[in-house]
Amino acid sequence: MGNENSTPVDEATPPSTLHGRNIEAVAQYIKERDVKNIVVMTGAGLSTSAGIPDFRSPDTGLYANLARLNLPYAEAVFDIGYFRKNPLPFYTLAHELYPGKYRPTVGHSFISLLNKKGRLLKLFTQNIDCLEQEAGVPGDKIVYAHGSFATQRCIECQTEYPDDRMKEVIQRKEVPHCIRKSCNGLVKPDIVFFGEALPEAFHRNRSLPAKADLAIIMGTSLTVQPFASLPSFVREETPRVLINYERVGGLGSRADDVLLLQDCDEGVRKFADALGWREELEQEWARTNPDKGQKKEEDTPKKTRQEKLDDEVEKLTKDIDTSLKLSGETSDRIKADLEKVTASTSPSKAATSPSPKPSDILTTPQTTTTSTTASSLNHVFPHLNEDKLEKPSL
Ligand code: APR
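Quick note on numbering: UniProt numbering labels position 105 of the sequence shown as 105, and the sequence is numbered without any gaps.
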């Protein structure tokens with residue numbers, strides 16, 4: 001349980017459950033024992049072939065690209081303390097990552113196939129892109145460990161914000177505010193930011209890996225706790241399969257660990273071949289094709305996956321950079337506005353009339369656009385001068 005040693009198991013050590021330490025032996029184990037309690041644990045690497053950048057890959061990862069912006073640190077975009085002071089970078093990212101723009105990958109379809117075959121006990125995902133459900137995995141089989149865009153609420157009074165309005169606001173790159181005028185707090189999707197607690201569903205289900213007859217870990221660096229501990233809760237004799245570019249966590253340290261250190265889509269195809277499910281997997285994935293049924297366009301030169309990913313990260317980084325510049329200019333303009341207002345109030349009047357509250361200076365629409373003038377934003381930056389920021393709990 002808990003953190004385990006990461007020393008790779010000695011090649012000479014025979015597996016205790018599998019006939020061999022390879023994916024063919026795992027497929028044989030599933031068939032021979034009719035394995036039905038499979039727990040899957042996923043991260044951003046499962047969605048990169050859909051065009052969504054992951055976080056920590058050296059070149060294409062989001063954090064590597066955000067690092068060159070003047071964020072206090074790359075993870076600030078998901079830090080609740082930073083969000084309170086400047087929600088624009090997050091909402092710029094949200095505009096790009098909002099569910100509905102990307103097609104699930106073969107990896108997502110593999111999980112859906114496991115479920116259709118009655119073999120999925122639970123999927124724990126760190127991802128917020130909702131591609132699992134779009135691939136066909138039912139909601140009751142998914143634990144969104146880091147939340148999702150499915151719902152949103154005011155971070156001050158917790159009042160829910162309407163789903164339809166949220167979709168519009170994000171599409172318009174605006175910053176939504178509480179529907180209760182008296183509150184007007186910032187609204188945030190129910191995504192777990194650094195410094196926030198994980199959903200209750202995670203804690204309610206975290207005993208499941210110990211009940212699994214097989215664990216499959218895909219596309220995650222296993223960097224962020226407590227999610228990163230899940231694979232160590234799997235019983236010692238239960239096989240664990242890692243499909244990931246690199247070895248992570250304690251995977252590979254146990255006699256029945258099988259590592260496919262390769263692309264997630266390639267790895268699940270290899271797994272499906274070993275199971276004799278390849279054709280069903282391709283059919284399952286074909287169902288997610290938005291162009292299905294339409295005639296094939298003449299073959300325009302398709303961009304490679306790497307090119308698409310590079311374009312996506314480039315666009316995201318540029319958009320966030322713009323929003324940061326904007327919020328920088330905006331905060332300067334707001335400061336100038338506030339100085340003008342206070343300077344124009346003569347000392348005697350100042351004594352009698354209370355100093356202008358931010359809400360006195362601006363009309364506080366429930367949303368603000370990233371190009372809104374200064375005066376309507378200072379409730380977004382209520383503490384313009386405060387410069388302390390909380391570090392994420394990595
Ligand atoms: N195939 C296989 N592995 C891949 C692929 C791919 N196509 N693309 C990326 N990877 C691997 C990377 O090598 C890395 O090991 O997936 C892993 C992705 O790791 P991260 O970028 O750290 O993503 P993740 O593990 O999901 O991050 C966890 O960190 O910032 C927080 O809340 C955020 O949920 C996220 C958490």
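C-beta: ideal position from N, C-alpha, C; glycine also. What you are looking at is a predicted structure, and each value in this text was computed from that prediction instead of being measured.
Asked	Found
Relative to the ligand APR, is the shortest distance from any of its heavy atoms to the C-beta of VAL224 smaller than 7 Å?	yes
Run through DSSP, which three-state label would ASP79 get?	strand
For HIS203, does the three-state DSSP call read helix, strand or coil?	helix
Determine whether the beta carbon atoms of ARG240 and VAL234 lie at a separation below 8 Å.	yes
Sorry if obvious, but does the Cβ on ARG269 come closer than 7 Å to a heavy atom of the ligand APR?	no
Which of helix, strand or coil does DSSP assign to ALA64?	helix
If you run the structure through DSSP and keep just helix, strand and coil, what is PRO189?	strand
Taking only runs that begin and end inside the stretch 124-160, name each unbroken alpha helix (DSSP H) of 4 or more residues, in chain order.	131-135
Using the C-alpha atoms, what's the distance from ASP310 back to TYR144?	27 Å
Check whether the stretch 75-94 touches the stretch 185-193, taking contact to mean three or more Cβ pairs, one atom from each stretch, closer than 8 Å.	yes
Where in the stretch 9-53 do unbroken runs of the beta strand (DSSP E), each at least 3 residues long, occur, reported from the N-terminal end onward?	38-42
Mapping DSSP to helix, strand and coil, what is PRO209?	helix
State the Cα-Cα distance for the pair PHE194 and GLU32, rounded to the nearest angstrom.	43 Å
Look at the Cβ atom of LYS141, then the Cβ atom of LYS117, and state whether they are nearer than 8 Å.	no
Just verifying my parser: in three-state terms, what is the DSSP assignment at ASP257?	strand
Please state if the CB of GLU196 and the CB of CYS178 are separated by a distance shorter than 8 Å.	no
Verify the contact flag: ALA76, CB atom, against every heavy atom of the ligand APR, threshold strictly below 7 Å.	no
Looking at the secondary structure, which residues open and close the alpha helix (DSSP H) in which ILE179 lies?	Looking at the DSSP string, ILE179 is not in any alpha helix (DSSP H), and its letter there is neither H nor E.
In whole angstroms, give me the CA-to-CA distance for GLY61 and GLU312.	11 Å
So PHE55 and TYR98 are in contact, right, with Cβ under 8 Å, and what is the actual spacing, rounded?	So it is not a contact: roughly 17 Å between Cβ atoms.
Closer than 7 Å to a non-hydrogen atom of the ligand APR - does that hold for the CB of CYS264?	yes
Report yes or no: do the stretch 200-210 and the stretch 6-18 share at least 3 C-beta pairs separated by less than 8 Å?	no
Please report the Cβ distance between PRO231 and ILE217, rounded to the nearest whole angstrom; I am assuming they are in contact, meaning their Cβ atoms lie under 8 Å.	6 Å
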